[in-house]
Amino acid sequence: MNLLQLSWRNLIHHPLASSLSLILFALGIGLVSLLFLLQSQLQNNFEKNLASVDLVVGAKGSPLQLILSSMYHIDAPTGNVSLGEARPFLNPKHPLIEKAIPLSLGDSYQGYRIVGTDQNILGLYGAEIGAGKTWEYHFEAVIGATVAADPNLKLTLGSTFKGGHGLVKDVDLEHTEAEAFEVVGILKPTGTVIDQLILTTTQSFWLVHAHEEHEATSEEEQAIDSTETLSHHDSHDHEEHDHKVTPKPLLEEEDENEITALLLKFKSKMSFQSLNMLRGINENTDLQAASPAIEINRLFDLMSSGEEALRILAFVIVFVSGLSIFISLFSSLRERKYELALMRVMGASRTTLLMLIVLEGLLLAFVGYLIGIALSHGGMQLIAGFMQDKYRYSFTGLTFLKEEVWLFAGALLIGLIAAILPAVQAARTDISDTLVQQ
Amino acid sequence: MLKTSELSYAYSKEKHLTFPDIICQQGEHCLILGQSGSGKTTMLNLLAGLRTPSTGSIQLKDTSLFQLSGAALDRFRGRNIGIIFQQPHFVKSLDVEANLAIAQKLAGERVNKTKIVTLLEKLQIGHKLKQKTYQLSVGEQQRVAIARALVNQPLLILADEPTSALDDQNAEKVVNLLKEQAQAANAILMIVTHDTRLKNQFDKTYRIVTSPIYSILKYCL
Numbered sequence: 000m001n002l003l004q005l006s007w008r009n010l011i012h013h014p015l016a017s018s019l020s021l022i023l024f025a026l027g028i029g030l031v032s033l034l035f036l037l038q039s040q041l042q043n044n045f046e047k048n049l050a051s052v053d054l055v056v057g058a059k060g061s062p063l064q065l066i067l068s069s070m071y072h073i074d075a076p077t078g079n080v081s082l083g084e085a086r087p088f089l090n091p092k093h094p095l096i097e098k099a100i101p102l103s104l105g106d107s108y109q110g111y112r113i114v115g116t117d118q119n120i121l122g123l124y125g126a127e128i129g130a131g132k133t134w135e136y137h138f139e140a141v142i143g144a145t146v147a148a149d150p151n152l153k154l155t156l157g158s159t160f161k162g163g164h165g166l167v168k169d170v171d172l173e174h175t176e177a178e179a180f181e182v183v184g185i186l187k188p189t190g191t192v193i194d195q196l197i198l199t200t201t202q203s204f205w206l207v208h209a210h211e212e213h214e215a216t217s218e219e220e221q222a223i224d225s226t227e228t229l230s231h232h233d234s235h236d237h238e239e240h241d242h243k244v245t246p247k248p249l250l251e252e253e254d255e256n257e258i259t260a261l262l263l264k265f266k267s268k269m270s271f272q273s274l275n276m277l278r279g280i281n282e283n284t285d286l287q288a289a290s291p292a293i294e295i296n297r298l299f300d301l302m303s304s305g306e307e308a309l310r311i312l313a314f315v316i317v318f319v320s321g322l323s324i325f326i327s328l329f330s331s332l333r334e335r336k337y338e339l340a341l342m343r344v345m346g347a348s349r350t351t352l353l354m355l356i357v358l359e360g361l362l363l364a365f366v367g368y369l370i371g372i373a374l375s376h377g378g379m380q381l382i383a384g385f386m387q388d389k390y391r392y393s394f395t396g397l398t399f400l401k402e403e404v405w406l407f408a409g410a411l412l413i414g415l416i417a418a419i420l421p422a423v424q425a426a427r428t429d430i431s432d433t434l435v436q437q
Numbered sequence: 000m001l002k003t004s005e006l007s008y009a010y011s012k013e014k015h016l017t018f019p020d021i022i023c024q025q026g027e028h029c030l031i032l033g034q035s036g037s038g039k040t041t042m043l044n045l046l047a048g049l050r051t052p053s054t055g056s057i058q059l060k061d062t063s064l065f066q067l068s069g070a071a072l073d074r075f076r077g078r079n080i081g082i083i084f085q086q087p088h089f090v091k092s093l094d095v096e097a098n099l100a101i102a103q104k105l106a107g108e109r110v111n112k113t114k115i116v117t118l119l120e121k122l123q124i125g126h127k128l129k130q131k132t133y134q135l136s137v138g139e140q141q142r143v144a145i146a147r148a149l150v151n152q153p154l155l156i157l158a159d160e161p162t163s164a165l166d167d168q169n170a171e172k173v174v175n176l177l178k179e180q181a182q183a184a185n186a187i188l189m190i191v192t193h194d195t196r197l198k199n200q201f202d203k204t205y206r207i208v209t210s211p212i213y214s215i216l217k218y219c220l
């Protein structure tokens with residue numbers, strides 16, 4: 000029976016009074032820790048996907064939306080731009096641009112986005128082919144590691160699937176008449192957004208949608224002239240066989256074809272070039288340019304005010320719980336004055352009683368901290384599941400941050416401060432007047 | 000051996016208490032009799048080292064009580080003086096066994112379970128070992144309090160009004176129990192009471208008598 004055990008017994012002897020302080024404390028600590036976890040993982044997810052892209056060019060609209068849709072693959076794209084408008088950026092002889100990666104977006108398969116692009120995108124995210132080969136011909140697809148690992152999809156090398164229009168799971172929007180994609184390669188996990196993408200050629204995208212228009216027109220035509228429709232179908236079949244040819248470079252494609260966005264990487268890292276080009280594009284063309292760094296900072300600024308409010312709330316809860324520990328210890332002294340005096344009679348010094356009450360405060364804080372951390376990590380795990388379902392981003396409740404060590408020290412400090420006055424009061428217990436009745 | 004000399008305690012200029020000199024050998028059973036308000040409680044507090052006297056000294060075996068500093072006095076009291084209070088108080092969150100164990104621990108002794116069990120069995124409450132103290136009857140609580148006072152084999156057992164609330168028969172029983180246990184431990188038994196039923200059953204009886212201005216001590220055998 001040491002002092003720690005005794006203080007523990009004292010706490011569980013008054014489960015109601017102790018548990019109120021405990022719940023409050025755990026809620027406060029849990030909220031603070033959850034905010035730490037969310038912030039660090041959001042920041043981490045956003046930053047590792049910046050992928051040294053200097054500028055994103057796409058259709059006019061919200062610059063943040065352009066960044067979110069074409070770099071983070073959340074949110075809808077702002078619209079499409081014609082290849083004619085985008086062509087200057089694709090020119091390999093452009094004096095400033097080192098790499099321009101075209102993106103065609105808007106289709107998905109079971110919630111995973113299909114991206115029509117070229118192979119430069121692999122270098123951008125440091126992705127490597129883990130199995131199979133890269134996409135070369137139309138309707139060949141390479142899937143990211145997360146897509147490959149999804150047990151609901153069961154996609155492996157050689158599997159075929161049909162994309163759907165839009166970015167949510169919806170069977171009605173499936174391109175039933177279009178040719179199916181064939182999985183020819185699987186990427187190694189990179190921890191970036193590319194893990195959750197399905198990559199194919201830009202032209203495959205055009206073909207899927209051209210097909211749809213074809214169908215619509217062919218139905219109209221069928222009503223007018225059946226023979227013509229028949230011949231049309233012949234030529235159509237012929238076209239499908241042509242898919243197994245190496246696609247032309249985008250530069251040689253027709254002007255009216257559309258892409259969704261371009262990811263630009265500059266030759267030099269001078270930021271004024273990027274800013275100049277950004278202003279130039281936005282003022283002089285029908286395109287929109289947005290800088291990922293600027294937009295993501297803006298997004299963090301927006302979030303930080305909400306986060307600040309939550310953090311203040313969390314600290315208020317922690318403060319109130321500290322107060323509650325103080326009150327519950329202090330009021331327990333009145334009831335326990337006999338046993339405290341008794342302990343003095345049995346040989347305990349004033350310091351021993353002081354330590355006993357301090358230990359009770361620390362113990363409450365310690366257990367409260369453990370519960371709080373369990374709550375926040377459990378909560379984070381729930382949020383992670385939700386994020387995974389909705390955005391395909393990986394969050395986890397199973398990592399621990401060094402901030403949580405500081406939080407632990409802070410929790411103990413609060414327990415100590417809350418206990419110090421009651422402890423001094425306990426040490427002052429007057430034994431002679433308390434135990435011996437006059 | 001317990002020896003006090005010229006003890007006095009001043010609450011204020013008007014209320015100045017003086018106490019009889021006491022000498023008790025190991026194994027002797029002594030009674031301190033006094034009416035309510037006579038200073039009997041103060042005497043008990045002084046003997047237990049819970050209050051410091053204005054004048055005089057108390058010596059238990061080779062130790063002069065008030066030459067010890069605060070924490071050392073606490074430790075000495077825990078180890079050498081077993082006190083049985085009128086109201087039995089316990090550490091509520093602990094069971095009977097742990098209440099005795101903590102008395103050993105706080106006195107700086109090693110926790111000795113066999114000793115606790117033997118003691119409780121001798122007092123016929125061995126079967127209450129794992130019960131919370133507030134679940135016991137008043138009589139059982141008093142026995143646990145006696146066991147706790149004895150657990151460190153003290154030199155001096157101080158009992159504050161152990162019989163005042165009891166009928167003749169039970170008072171007799173408790174006194175005999177205390178005598179028995181003190182005898183077995185070769186401790187000095189000192190009962191402080193106003194219960195005159197006890198006056199002929201002890202080796203020595205001291206009386207505390209007070210006058211309004213200052214107490215006159217009388218000495219009766």
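Line order of the protein sequences matches chains H and S. So in numbering that gives the first Met the number 0, the last one in the first sequence is 437, and the numbering has no gaps at all. So in numbering that gives the first Met the number 0, the last one in the second sequence is 220, and the numbering has no gaps at all. Ideal Cβ positions, reconstructed from N, Cα and C, are used throughout, including at glycine. The model shown is predicted, which means the values in this text are computed figures rather than measured ones.
In the DSSP assignment, the alpha helix (DSSP H) including residue i goes from what residue to what residue?
| i | result |
| --- | --- |
| Glu46 (chain H) | Pro14 to Lys47 |
| Ile382 (chain H) | Arg349 to Tyr390 |
| Gly122 (chain H) | Asn119 to Leu123 |
| Gly396 (chain H) | Counting along the chain, Gly396 (chain H) falls outside any alpha helix (DSSP H), and DSSP gives it neither H nor E. |
| Val174 (chain S) | Asp167 to Ala184 |
| Gly83 (chain H) | Leu82 to Leu89 |
| Lys112 (chain S) | Lys112 to Lys121 |
| Phe407 (chain H) | Glu402 to Ala426 |
| Val143 (chain S) | Val137 to Leu149 |
If I follow the unbroken beta strand (DSSP E) through residue i, where does it start and stop?
| i | result |
| --- | --- |
| Met0 (chain S) | From DSSP, Met0 (chain S) is part of no beta strand (DSSP E); its letter is neither H nor E. |
| Ile128 (chain H) | Ile128 to Gly131 |
| Phe265 (chain H) | Ala260 to Phe265 |
| Asp106 (chain H) | Ile96 to Tyr108 |
| Met189 (chain S) | Ile187 to Thr192 |
| Thr17 (chain S) | His15 to Thr17 |
| Val141 (chain H) | Glu139 to Ile142 |
| Tyr337 (chain H) | It is not in any beta strand (DSSP E) - Tyr337 (chain H) instead sits in the alpha helix (DSSP H) that spans Pro291 to Val344. |
| Lys203 (chain S) | Lys203 to Ile207 |
Using a Cβ-Cβ cut-off of 8 Å (strictly less than) and excluding sequence neighbours within five positions of residue i, which residues of its own chain qualify?
| i | result |
| --- | --- |
| Glu359 (chain H) | Ser6, Asn9, Leu10, Leu328 and Ala418 |
| Phe365 (chain H) | Ala410, Leu411 and Gly414 |
| Tyr218 (chain S) | For Tyr218 (chain S), the predicted model reports a pLDDT of 47, less than 50, meaning its position is unreliable and no value from the coordinates is stated. |
| Arg297 (chain H) | Leu63 |
| Lys91 (chain S) | Lys131, Thr132 and Tyr133 |
| Glu239 (chain H) | Here Glu239 (chain H) scores only 46 on pLDDT, less than 50, and its place in the model is too uncertain to base an answer on. |
| Glu253 (chain H) | Leu82 |
Measure the alpha-carbon distance for residue i versus residue j and round it to whole angstroms.
| i | j | result |
| --- | --- | --- |
| Ser348 (chain H) | Phe314 (chain H) | 36 Å |
| Val182 (chain H) | Phe138 (chain H) | 9 Å |
| Asp236 (chain H) | Gln118 (chain H) | With a pLDDT of 45 at Asp236 (chain H), under the threshold of 50, the modelled position of that residue is not reliable, and no figure is offered here. |
| Gln287 (chain H) | Leu54 (chain H) | 10 Å |
| Leu406 (chain H) | Leu21 (chain H) | 16 Å |
| Ser4 (chain S) | Arg76 (chain S) | 19 Å |
| Asn1 (chain H) | Leu99 (chain S) | 13 Å |
| Lys73 (chain S) | Asn111 (chain S) | Checking the sequence, you will find Asp at residue 73 (chain S) rather than Lys. Distance between the alpha carbons of Asp73 (chain S) and Asn111 (chain S): 21 Å. |
| Phe203 (chain H) | Ala75 (chain H) | First, the amino acid is wrong: residue 203 (chain H) is Ser here, not Phe. Near 20 Å, if we compare the C-alpha coordinates of Ala75 (chain H) and Ser203 (chain H). |
| Ile215 (chain S) | Thr17 (chain S) | Bear in mind that the predicted position of Ile215 (chain S) carries a pLDDT of just 46, short of 50, making it unreliable; the figure below should be weighed with that in mind. Near 7 Å, if we compare the C-alpha coordinates of Thr17 (chain S) and Ile215 (chain S). |
| Leu374 (chain H) | Gln380 (chain H) | 10 Å |
| Leu36 (chain H) | Leu67 (chain S) | 56 Å |
| Ala425 (chain H) | Glu306 (chain H) | 41 Å |
| Met354 (chain H) | Ser323 (chain H) | 19 Å |
| Asn256 (chain H) | Thr201 (chain H) | 10 Å |
| Met42 (chain S) | Leu49 (chain S) | 10 Å |
Looking at the strands, I want to know which residues DSSP matches up with residue i.
| i | result |
| --- | --- |
| Gly81 (chain S) | S:Ile156 |
| Phe180 (chain H) | H:Phe160 |
| Ser63 (chain S) | S:Gln58 |
| Ile197 (chain H) | H:Ile113 and H:Ile142 |
| Ala58 (chain H) | H:Leu286 |
| His28 (chain S) | S:Leu188 |
| Tyr8 (chain S) | S:Leu16 |
Keeping to the same chain, check which residues put their C-beta closer than 6 Å to that of residue i; ignore five residues upstream and five downstream.
| i | result |
| --- | --- |
| Thr77 (chain H) | Gly57, Ala58, Gly60, Gln64 and Leu65 |
| Gly190 (chain H) | none |
If I measure Cβ to Cβ from residue i and keep anything under 7 Å in the same chain, skipping five residues before and after, which residues do I get?
| i | result |
| --- | --- |
| Leu135 (chain S) | Lys127 and Val143 |
| Tyr108 (chain H) | Phe160, Gly162, Gly163 and Ile197 |
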